[in-house]
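Residue numbers (my numbering), protein chains in the order written: chain A, 1 to 93; chain B, 94 to 186; chain C, 187 to 279; chain D, 280 to 372.
Built from N, CA and C at the ideal position, the CB exists for glycine as well.
Below is one structure, written out as structure tokens, with a few remarks after it.
There are 4 protein chains.
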Amino acid sequence: MNGYAQNKDDVLKRLRRVEGQVRGIERMVESDKYCIDVLTQVSAATKALESVALSLLADHVSHCVAEAAAEGGPVAVQKIREANEAIARLVRS
Amino acid sequence: MNGYAQNKDDVLKRLRRVEGQVRGIERMVESDKYCIDVLTQVSAATKALESVALSLLADHVSHCVAEAAAEGGPVAVQKIREANEAIARLVRS
Amino acid sequence: MNGYAQNKDDVLKRLRRVEGQVRGIERMVESDKYCIDVLTQVSAATKALESVALSLLADHVSHCVAEAAAEGGPVAVQKIREANEAIARLVRS
Amino acid sequence: MNGYAQNKDDVLKRLRRVEGQVRGIERMVESDKYCIDVLTQVSAATKALESVALSLLADHVSHCVAEAAAEGGPVAVQKIREANEAIARLVRS
Chain A
1 MNGYAQNKDD VLKRLRRVEG QVRGIERMVE SDKYCIDVLT QVSAATKALE
51 SVALSLLADH VSHCVAEAAA EGGPVAVQKI REANEAIARL VRS
Chain B
94 MNGYAQNKDD VLKRLRRVEG QVRGIERMVE SDKYCIDVLT QVSAATKALE
144 SVALSLLADH VSHCVAEAAA EGGPVAVQKI REANEAIARL VRS
Chain C
187 MNGYAQNKDD VLKRLRRVEG QVRGIERMVE SDKYCIDVLT QVSAATKALE
237 SVALSLLADH VSHCVAEAAA EGGPVAVQKI REANEAIARL VRS
Chain D
280 MNGYAQNKDD VLKRLRRVEG QVRGIERMVE SDKYCIDVLT QVSAATKALE
330 SVALSLLADH VSHCVAEAAA EGGPVAVQKI REANEAIARL VRS
């Protein structure tokens, strides 16, 4: 089971919206829209992607990490290291 | 003329690649891929979008802002304020 | 016990280094150093602070969250929610 | 003349406040305060530093870059490249 299993539809809906935003930005560039207007949409799409990531991460910590920690042992250690690396990638992206 | 006119093809190619990355993430979610693997791809797409934004912004400053500043007057003041607001949005996204 | 108990000296050393960086930036501003050179140091200090945050967060997840999850119950739920909120604040800062 | 000349006092005041925040975080760590409370203050200090950076950058674009662009020639080209690199460092930090 994935951490996001219960929110799968919501995650997919948000990702499709981001895909639509990116396609919208392509159309703006194709029709030579003003740089600042393009940039505003790129910032919005970046924020939306970041928000999907935070939602996936929260589900992962709440389910996968919490269950592994409850079991303990080397799997717990590995899941926690993996989660911390994902958090660092996200903070630095 | 837009700031990105000379790089339009490159900007479009990068945006289409981001669109493909987002679609790839949707397929990962649809087939219940592991949270951390999904997150790694979301971080990569976020970084790619940020990189498109930096490229658009650099072109904008190099062309639109520089030309407005060379002309001076209220248009220059407005272009500079607008650019600074776009930079702030990007840093905060 | 805090999550960072074992790394306390290291965390303190990094924070003192950041404090020194910020004081160095103040001196640069006082002596009218060039904007771009000041900005380079501000970016370095920001990255250093972010890195302290990631270290504190990793320790917190590895110890406090993992222990709470092992015990389960409402405390676990609350610790996990709290950790997810801290992650979100960090990603958005 | 620096871009921040007119805002020098304000920039210094904000930097001293950040320095105070970092010192406050050191005291929290010294007295073993709870990880999440420490993290909240680290996020606040990071946001404050980022905000100083945006203010310095806005002044730099408004003055140094705008003046160089008005003069044109290789100095303008170099100032613009330099500003774009500083923006990229800031977005990525």
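Taking Cβ-Cβ distances shorter than 8 angstroms, what residues in chain C pair up with residue i?
i, result
"Gly72(A)", "Ala256"
"Ala355(D)", "Under the 8 angstroms cutoff, chain C gives no residues; its nearest Cβ is about 15 angstroms from Ala355(D)."
Identify, in the order they occur along the chain, each residue of the same chain with its Cβ nearer than 8 angstroms to the Cβ of residue i, setting aside the five sequence neighbours on each side.
i, result
"Val131(B)", "Ile118, Met121, Val122"
"Tyr97(B)", "Val104, Ser148, Leu149, Asp152, His153"
"Ala230(C)", "Gln207"
"Lys326(D)", "none"
"Val42(A)", "Ile25"
"Asn7(A)", "Ser55, Asp59"
"Ser62(A)", "Gly3"
When burial is assigned at 16 or more other CB atoms within 10 Å of the CB, is residue i buried or exposed?
i, result
"Leu236(C)", "Going by the sequence as given, residue 236(C) is Glu instead of Leu. Glu236(C) should be labelled buried."
"Val301(D)", "buried"
"Arg295(D)", "exposed"
"Lys292(D)", "exposed"
"Ser94(A)", "A query on residue 94(A) cannot be resolved here, the shown segment of chain A reaching from 1 to 93 and no further."
"Ala204(C)", "Reading off the sequence, residue 204(C) comes out as Val, not Ala. Label assigned to Val204(C): buried."
"Val65(A)", "buried"
Give the interface partners of residue i over in chain A, defined as CB-CB distance under 8 angstroms, in chain order.
i, result
"Lys140(B)", "Ser93"
"Arg182(B)", "Leu39, Thr40, Ser43"
"Ala191(C)", "Here the premise fails: no neighbours, minimum Cβ distance about 17 angstroms."
Leaving out five residues before and five after residue i in sequence, what residues of the same chain have Cβ atoms less than 6 angstroms from its Cβ?
i, result
"Leu183(C)", "The structure shown does not extend to residue 183(C), since chain C spans only 187 to 279, so no value can be given for it."
"Val149(C)", "Residue 149(C) lies beyond the residue range present for chain C, which begins at 187 and ends at 279; the question has no answer from this structure."
"Ile366(D)", "none"
"Asn177(B)", "none"
Find the residues of chain D that neighbour residue i, judging by a C-beta separation of less than 7 angstroms, and give them in chain order.
i, result
"Asp196(C)", "Those do not exist, as Asp196(C) stays about 10 angstroms from chain D at its closest Cβ, beyond 7 angstroms."
"Val238(C)", "Val321"
Anything in chain D within Cβ reach of residue i, meaning under 9 angstroms, just list it in chain order.
i, result
"Ile173(B)", "Ala337, Val340, Ser341, Val344, Ala345"
"Val215(C)", "Asn281, Tyr283, Lys287, Val290, Leu291, Leu294, Leu335"
Starting from the beta carbon of residue i, find every residue of chain B whose beta carbon is closer than 8 angstroms, and list them in chain order.
i, result
"Val22(A)", "Leu108, Val111, Glu112, Val115, Leu142"
Which same chain residues, not among the five before or five after residue i, have their C-beta less than 7 angstroms away from its C-beta?
i, result
"Lys172(B)", "Cys157, Val158, Ala161"
"Met1(A)", "none"
Can you confirm whether residue i, when its beta carbon is compared against all beta carbons of chain E, has any partner nearer than 8 angstroms?
i, result
"Lys126(B)", "This model lacks chain E altogether; the protein chains it does include are A, B, C and D."
Task: Inter-stretch contact at 8 angstroms, needing at least 3 Cβ pairs: the region 249-267 of chain C / the region 63-72 of chain A - done: The region 249-267 of chain C is in contact with the region 63-72 of chain A.
(message) I'd like the ranges of any beta strand (DSSP E) spanning at least 3 consecutive residues and lying wholly in the region 1-81 of chain A.
(response) Along the region 1-81 of chain A, the beta strand (DSSP E) does not occur as any fully enclosed run of 3 or more residues.
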